[in-house]
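Taking it in order: structure first as structure tokens, then the write-up.
Residue numbers (my numbering): 9 to 877.
Here you go:
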């Protein structure tokens with residue numbers, strides 16, 4: 009798998025002169041404008057010295073040494089995981105008099121070596137030891153635990169302690185420049201820039217004439233690195249990359265024709281993760297040498313986008329959108345400078361499928377059904393659009409753009425028999441389940457399960473629509489466990505008993521192949537060791553033999569970025585174990601397994617939390633965290649195997665209203681509030697008591713006033729009653745006096761009249777009889793007047809009583825009324841008898857008769873009854 013990165017992706021930092029990787033897999037690069045870092049997803053850049061950065065040594069992911077123009081130094085991460093540069097070059101003040109470029113940095117034991125063309129600076133414990141070049145260094149090389157230095161005139165030297173020991177002198181003549189050195193069983197091999205490979209063994213130097221040596225002489229080697237213990241990588245100026253075994257046999261040749269941005273490779277680095285990194289004259293490229301998938305892209309426009317493939321009689325046949333192409337199977341081993349494919353004449357157009365049936369190659373084409381005949385093809389049927397070809401008993405079935413065509417063998421060829429009844433639509437997939445059961449996949453419609461009779465008529469059909477499945481691009485698959493339907497999300501298994509697809513499970517993960525054709529999740533096995541995958545503008549082959557695909561890879565889950573985000577979207581970097589202000593209690597944390605593909609991540613917050621679903625996203629966001637200590641647990645998985653779990657502790661600071669100062673303020677405030685409340689309560693109680701006292705005083709005053717008014721009223725009533733009584737008495741007395749005066753007056757007149765009568769009798773005796781009658785008449789008149797006078801008096805004193813008594817008891821006589829009046833004023837029987845001049849017994853009898861007339865009993869109080877009227 010080849011990845012290319014343009015300068016715009018790594019922030020236009022110029023050419024890449026050196027590449028290294030940390031133990032955790034992060035890749036670092038020495039670029040013109042500083043230090044580059046790449047974790048597989050994100051590029052970061054850091055600026056250090058003013059000159060171009062030429063070389064680097066990655067000690068670990070937190071400590072890096074670099075050499076540049078007129079400077080070298082050390083990079084260290086701060087606690088926010090940002091690199092900070094410190095220059096170690098001892099001649100900063102005299103830099104105008106020195107012109108050194110540091111192209112190499114090495115580490116031997118505890119020593120760090122910075123190499124320029126003039127000197128070697130050995131740095132240990134903040135002290136330097138300087139070793140000068142014999143004349144001028146043209147290169148330095150690390151081989152196992154040894155360092156070699158190529159001097160322009162004096163030859164090759166090996167560092168021994170703090171001195172240089174000459175290995176040999178260069179052969180006479182110009183042009184012997186070394187690009188790299190590696191050990192071989194016969195000695196050490198020198199990779200020259202212009203002369204191929206040279207072997208130094210037993211004190212002799214000889215040019216090797218193996219397969220790659222001659223190619224390197226014309227390709228011009230610029231960079232070199234071993235690939236493990238058995239392979240070598242050569243970066244050239246003219247012809248890209250060569251990968252060979254230890255004996256020089258070319259395994260891969262990769263250049264611009266095979267996907268590189270250009271053919272000039274300035275730097276090489278083989279990382280423990282299995283990727284070979286290349287710093288190009290333009291851009292950066294990486295090829296995963298441990299991956300089982302090899303992708304062939306049509307960069308030259310030689311064959312187009314693959315759709316079908318077949319290996320037949322040692323030849324590789326490739327069906328594409330442009331036609332049918334042929335290549336020797338062994339020519340696909342990548343040791344040539346480009347892929348050589350030959351177009352089969354007459355096959356121009358879209359090839360959909362290739363099948364080997366009865367030792368013949370059948371070709372499903374946009375224009376019909378063809379059979380391969382040597383280096384040409386022969387048409388069998390004009391029915392357009394043959395998606396798939398399936399043998400069925402003695403017949404051949406083809407799924408076409410519209411329906412299914414049936415062919416029968418006639419001699420050495422196939423002849424069209426008929427179209428299958430009741431099947432319409434574009435049938436891009438046919439699978440024979442068993443005996444007479446056929447499955448048909450019709451895109452954008454569904455799948456059909458048919459039972460064929462002896463005449464290939466679909467006697468029974470079961471139609472299952474696409475809408476019953478979750479996911480896109482459903483396709484059928486046959487296995488030992490039955491018929492399956494697979495979408496881009498789930499896999500279903502057909503149940504014959506239930507006559508439907510059941511057992512919905514997550515679809516199996518497919519190999520990550522860039523540009524995989526939509527729906528092409530099922531590979532086509534074309535060889536016992538390889539499977540074919542259609543790819544846009546190319547095709548891919550996957551190696552099927554079991555083995556550790558990721559052998560040698562280093563798995564290390566590491567933290568890349570940690571940000572605390574506030575409510576106003578202000579961001580602050582933090583580090584594991586940091587105390588984060590509560591106002592920034594939303595976090596964004598990025599973790600990654602560097603430069604490893606197909607990794608899934610999940611996280612949980614604290615031990616009590618739940619793991620999130622597995623996801624390829626390696627950035628985790630936590631919102632509105634509570635105050636206190638937390639731990640974020642992150643783990644990574646690849647191929648259903650958990651690689652590593654990482655714990656990231658941090659603490660969310662209590663908000664100001666939960667700080668100790670706030671609690672003190674709360675306590676003091678609470679005390680003041682309680683004190684204030686108690687004081688207010690006391691004041692309120694005092695006020696309440698005062699108001700209660702005032703209220704009681706007012707109430708007492710009101711009661712006293714009321715009592716006084718009642719007493720006044722009572723006194724007034726009593727006075728009024730007394731007044732009325734006196735008034736009545738006065739009236740009675742006045743009436744009585746008036747009556748008495750009148751009586752006296754009348755008596756006086758009567759007496760005077762009687763006197764006159766008697767005097768007349770005396771004078772005239774003859775008139776005595778008549779005068780006596782007149783005297784008698786006068787006396788009777790007086791008596792009647794006396795009686796009427798009493799009634800008038802009673803009526804005057806008891807007007808209402810007398811009136812009510814007459815109204816209620818109209819049968820009462822004057823005598824009865826007089827008796828009632830006497831009884832009302834409280835006279836007893838004796839007093840009444842004296843007034844009436846009768847016996848007391850007669851008065852008692854009169855009272856008894858009065859009770860009967862008033863209809864009251866003998867036991868009732870007659871006095872009370874009369875006074876109630």
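In this text, a Cβ means the ideal position worked out from N, Cα and C, and glycines have one as well.
Neighbourhood of residue i by C-beta distance below 7 Å, restricted to the same chain and skipping five residues each side
i, result
"residue 512", "498, 500"
"residue 328", "311, 312, 313, 314, 315, 359"
"residue 451", "434, 436"
"residue 538", "549, 550, 551, 552"
"residue 540", "317, 531, 532, 534, 547, 549"
"residue 824", "858, 861"
"residue 612", "618, 619, 620, 641"
"residue 874", "828, 831, 832"
"residue 557", "Low confidence applies to residue 557: its pLDDT is 49, below 50, so where it sits in the model is not reliable, and the reading given next is rough at best. So the list reads 298, 299, 300, once near-sequence residues are dropped."
Continuous beta strand (DSSP E) stretch holding residue i: start and end
i, result
"residue 113", "110-116"
"residue 127", "127-132"
"residue 81", "79-85"
"residue 209", "205-209"
"residue 511", "508-514"
"residue 188", "186-192"
"residue 377", "376-381"
"residue 644", "636-646"
Cross-strand partners of residue i (DSSP beta bridge)
i, result
"residue 493", "484, 500"
"residue 599", "567"
"residue 539", "533, 550"
"residue 16", "DSSP, once it has assigned bridges, lists no residue as partnering residue 16."
"residue 655", "641"
"residue 52", "45"
"residue 581", "571"
Same chain, Cβ closer than 8 Å to residue i, neighbours up to 5 away in sequence not counted
i, result
"residue 323", "334, 335, 336, 337"
"residue 623", "608, 609, 610"
"residue 816", "877"
"residue 867", "none"
"residue 409", "392, 393, 395, 434"
"residue 698", "none"
"residue 349", "310, 311, 326, 333, 334, 335"
"residue 545", "305, 306, 312, 313, 523"
Neighbourhood of residue i by C-beta, 6 Å cutoff - its chain only, sequence neighbours within 5 removed
i, result
"residue 232", "187, 188, 199, 242"
"residue 254", "238"
"residue 827", "854, 858"
"residue 319", "337, 534, 535"
"residue 125", "144, 145"
"residue 30", "66, 68, 69"
"residue 509", "493, 500, 502"
"residue 814", "none"
"residue 190", "197, 234"
First through last residue of the alpha helix (DSSP H) which encompasses residue i
i, result
"residue 832", "822-832"
"residue 856", "848-862"
Residue i and residue j closer than 9 Å at C-beta
i, j, result
"residue 53", "residue 65", "no"
"residue 123", "residue 76", "no"
"residue 880", "residue 354", "This structure cannot settle anything about residue 880, because the visible part of the chain is limited to 9 through 877."
"residue 197", "residue 216", "yes"
"residue 158", "residue 603", "no"
"residue 37", "residue 605", "no"
"residue 176", "residue 163", "yes"
"residue 258", "residue 230", "no"
Residue-chain proximity (residue i, chain B), Cβ-Cβ < 9 Å
i, result
"residue 711", "Looking for chain B here will not work: only one protein chain is present."
Cβ separation of residue i and residue j, assumed to be a contact under 8 Å, to the nearest whole Å
i, j, result
"residue 765", "residue 788", "With 8 Å as the limit, residue 765 and residue 788 do not qualify as a contact, their Cβ atoms being about 14 Å apart."
"residue 302", "residue 543", "About 11 Å separates the two Cβ atoms, so there is no contact after all."
"residue 116", "residue 172", "Not a contact, Cβ separation roughly 14 Å."
"residue 448", "residue 456", "4 Å"
"residue 416", "residue 429", "About 16 Å separates the two Cβ atoms, so there is no contact after all."
"residue 656", "residue 597", "7 Å"
"residue 71", "residue 80", "Not a contact, Cβ separation roughly 14 Å."
"residue 635", "residue 661", "7 Å"
"residue 12", "residue 291", "6 Å"
"residue 574", "residue 658", "Not quite, the Cβ-Cβ distance comes to about 16 Å (not below 8 Å), so this is no contact."
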